[in-house]
Amino acid sequence: QGENLLYCFEVAPTQPALTQVTQCRTEGSTRGLAALPRLALDVMACEVLRVLQLTDTALVPISYLVPRKSVQEFHEDLFPDCTGTLPATNAQGWWAGDSQQVGRVSLHPARRPTETFMSPIIAGTGSTNTGHTDGNTGHADADQTSGYSSPSSLASPSSAATSLSASTGPSSGFASSPSQKSLQSILGPSSRFRHAQGRVLHRDHHLTNLRGLSLTTPGECDGFCANHQRVALPLLSAGGQIAVLELSKPGRLPDVAVPTIQNGTAVADLTWDPFDPRRLAVAGEDARIRLWRIPEGGLQETLQEPESILQGHTEKIYSIRFHPTASNLLVSSSYDMTVRIWELSARREVLCLQGHTDQIFSMAWSPDGKNLATVSKDGRIRLYEPRHSSQPQQEGPGPEGGRGARLVWVCGGDYLLVSGFDSRSERRILLYRAQALPEGPLSVLGLDVAPSTLLPFYDEDTSVVFLTGKGDTRVFLYEVTPEPPYFLECNSFTSNEPHKGFVFLPKTACEVREVEFA
């Protein structure tokens, strides 16, 4: 009493008889302690002990959890049958020599007993009901304690406890923590993926000895592009050359020149066809789009003749994007302040979207392929439905700073995430409801001050967005949710040297047995 440290020991009949498991520093001094009966524990969350601490002003539940990989099943080894609540004999029987023991009951939620015992002597009623009354009180007891039952996910409490103990004192082993409700009120909600770890794969997987890379691709371009088979890298040499490297052949590249694509003009943007891993679209500074076909097995000799050339823009092109659901559809944006949609099989322009008054920073198809969103230097975000109109369906205010911006669809295509700058050059991300752009952003989060535009990559399975800029060493990770606080921070990843480009491979490249998700 009067202390604020709670020790937990394991007791064994052999030496060492006492082994310390953990110590927990509590927020207030202890005035009294009581352990809850085992029947009140949240067994499905692997809670093995719950202590109530009485402080000067509060009753604080402290929960001890054993980390287990699966919290969907009942762990028999943690929860053997415990003493039940029905007496084995009565007072007269005990005096007469009856030494029966109280029956044991299962802690499995589906096999809980429902019988209860009521004492025969209750003042003022004179009732002599010595039998057992059937009722669902056992369940009611368990439910009443759920006000401070421990959370059903193991990740939440232990990590919350460590973040608490980091500020309040030492902790070891599995940490004990106050109930999640009180923790969430202190720390706010946290992401399920906050412990995601970025890890550089072994050098055996790297492609090294890259030479003569072009590091001056426009800000609207990711710098290079990749699919599950190969990467395309713009080179510095004249004539807009592009190296195409096979991911299945990692290692050191030879010192001699590798075969390239001779694009004929400087590369503004490039992207792989999502439905044809051998087709590469390249936008040039001569306002043309060239489509190249890579031979089966990779580039063996220099390619000089494109499969086809698309002409129509009157000025240099910013960026090109393939349609996510339909084959042979490509969209491009240009300095002529138009966005054009091309049908590749017919090699012709099918629609020209109007309405921009300044440089188009970024554009993105919605996941269902119905809508196209753009963000522009004029500080506006526009949403088009190309099958219905060449004019924007709606507009809304975008980031204030005119230094660059990117956008990506999130949360099943119902929301838009925009990365940009504010008027003081702070990098920030903004979240919009796609069908309510005029209302402005739902949430704005400032990240840091840096010169390069944040490139967002969104993983729709986990709803985690990865953000980094060319020349950065840090990759920010946030889980995006459709309800406040909208952005839940996860572990960021820091690389040893600045990256010049950053792209994600398709999900099919992930090693799912290692729980790799990007």
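Under the working numbering, the first residue of the sequence shown is numbered 147, with each subsequent residue one higher.
Backbone N, C-alpha and C fix where the C-beta goes; we use that ideal spot for every residue, glycine too.
Label residue i either buried or exposed according to how many other C-beta atoms from any shown protein chain fall within 10 Å of its C-beta, with 16 as the threshold for buried.
{"i": "Met509", "result": "buried"}
{"i": "Ser153", "result": "Residue 153 is actually Tyr in this sequence, not Ser. Classification of Tyr153: exposed, given that the 10 Å Cβ count is below 16."}
{"i": "Gly550", "result": "buried"}
{"i": "Ser304", "result": "Confidence in Ser304 is poor, its pLDDT being 36 and thus under 50, which makes the residue's placement too unreliable to answer from."}
{"i": "Gln199", "result": "buried"}
{"i": "Gly155", "result": "Per the sequence presented here, residue 155 reads as Phe, with Gly not at that position. The residue is exposed, with fewer than 16 neighbouring Cβ atoms inside 10 Å."}
{"i": "Cys498", "result": "exposed"}
{"i": "Trp438", "result": "buried"}
{"i": "Gly547", "result": "buried"}
{"i": "Gln450", "result": "exposed"}
{"i": "Val658", "result": "exposed"}
{"i": "His459", "result": "buried"}
{"i": "His502", "result": "buried"}
{"i": "Arg533", "result": "exposed"}
{"i": "Asp223", "result": "exposed"}
{"i": "Arg196", "result": "buried"}
{"i": "Pro335", "result": "exposed"}
{"i": "Thr406", "result": "buried"}
{"i": "Trp418", "result": "buried"}
{"i": "Arg436", "result": "buried"}
{"i": "Ser609", "result": "buried"}
{"i": "Leu633", "result": "The question names Leu, yet the displayed sequence has Phe at residue 633. Buried is the call here."}
{"i": "Val485", "result": "buried"}
{"i": "Leu421", "result": "One point to set straight first is that residue 421 is Phe, not Leu, in the sequence displayed. The residue is exposed, with fewer than 16 neighbouring Cβ atoms inside 10 Å."}
{"i": "Thr165", "result": "exposed"}
{"i": "Leu382", "result": "exposed"}
{"i": "Leu179", "result": "exposed"}
{"i": "Pro629", "result": "The sequence given here has Glu at residue 629, not Pro. Exposed."}
{"i": "Thr520", "result": "buried"}
Residue range of the beta strand (DSSP E) that residue i falls in?
{"i": "Gln457", "result": "454-457"}
{"i": "Ala180", "result": "178-181"}
{"i": "Gln540", "result": "540-543"}
{"i": "Ser508", "result": "506-511"}
{"i": "Thr165", "result": "164-171"}
{"i": "Phe633", "result": "633-635"}
{"i": "Phe468", "result": "463-468"}
{"i": "Val485", "result": "485-489"}
{"i": "Cys117", "result": "There is simply no residue 117 to check, as the chain begins at 147 and stops at 664 in what is shown."}
Return yes when at least one heavy atom of the ligand NAD lies under 7 Å from the C-beta of residue i, else no.
{"i": "Pro364", "result": "In terms of ligand content, the structure shown is empty, and the ligand NAD therefore cannot be addressed."}
Grab the span of the alpha helix (DSSP H) containing residue i for me, first residue to last.
{"i": "Ala414", "result": "Premise fails: Ala414 lies in the beta strand (DSSP E), 413-419, not in any alpha helix (DSSP H)."}
{"i": "Gly239", "result": "237-241"}
For residue i, which residues does DSSP report across the bridge?
{"i": "Thr608", "result": "DSSP output for Thr608 lists no bridge partner at all."}
{"i": "Arg338", "result": "Note: Arg338 sits in no beta bridge, so no partner."}
{"i": "Ser638", "result": "Answer is none; Ser638 lacks a bridge partner."}
{"i": "Val590", "result": "Leu576"}
{"i": "Gly430", "result": "Val413"}
{"i": "Arg475", "result": "The amino acid occupying residue 475 in the given sequence is Leu; Arg does not appear at that position. For Leu475, which the question treats as bridged, DSSP gives the partners Glu489."}
{"i": "Glu625", "result": "Val610, Leu634"}
{"i": "Thr231", "result": "None; Thr231 has no bridge partner."}
{"i": "Glu156", "result": "Thr165"}
{"i": "Phe650", "result": "According to DSSP, which records beta bridges pairwise, Phe650 is partnered with nothing at all."}
{"i": "Val248", "result": "Looking at the DSSP assignment, Val248 forms no beta bridge with any residue, so it has no partner."}
{"i": "Pro602", "result": "Leu613"}
{"i": "Arg743", "result": "Since the displayed the chain opens at 147 and closes at 664, residue 743 lies outside it and no answer follows."}
If we cut at 8 Å on Cβ distances, does residue i have a partner in chain C?
{"i": "Leu577", "result": "Given the protein chain composition of this structure (a single chain), no chain C is represented."}
Kindly confirm or deny that the segment 606-617 and the segment 635-649 touch, where touching means at least three C-beta pairs closer than 8 Å. yes
Output the residue ranges of the alpha helix (DSSP H) runs that lie fully inside the segment 186-220 and measure 4 residues or longer, sorted by chain position. none
Only counting runs of 4 or more residues, tell me where the alpha helix (DSSP H) segments fall wholly within the segment 518-581, in order along the chain. none
May I ask you to verify whether the segment 399-415 touches the segment 339-355, counting CB pairs closer than 8 Å and requiring at least 3? yes
Check whether the segment 224-239 touches the segment 249-258, counting contact only when three or more Cβ pairs, one atom from each stretch, lie closer than 8 Å. yes
Cβ pair count under 8 Å reaching 3, the segment 585-600 against the segment 533-541: no
List in chain order: all unbroken beta strand (DSSP E) runs of 3+ residues lying wholly within the segment 340-428. 376-380, 387-392, 406-408, 413-419
Should the segment 178-189 be called in touch with the segment 157-170, which here means at least 3 C-beta pairs below 8 Å? no
Looking at C-beta atoms only, is the number of pairs between the segment 425-435 and the segment 452-470 that lie closer than 8 Å three or more? yes
Below 8 Å, how does it come out for the segment 563-573 and the segment 377-388: are there three or more Cβ pairs, yes or no? no
Report yes or no: do three or more beta-carbon pairs, one from the segment 649-658 and one from the segment 367-375, lie closer than 8 Å? yes
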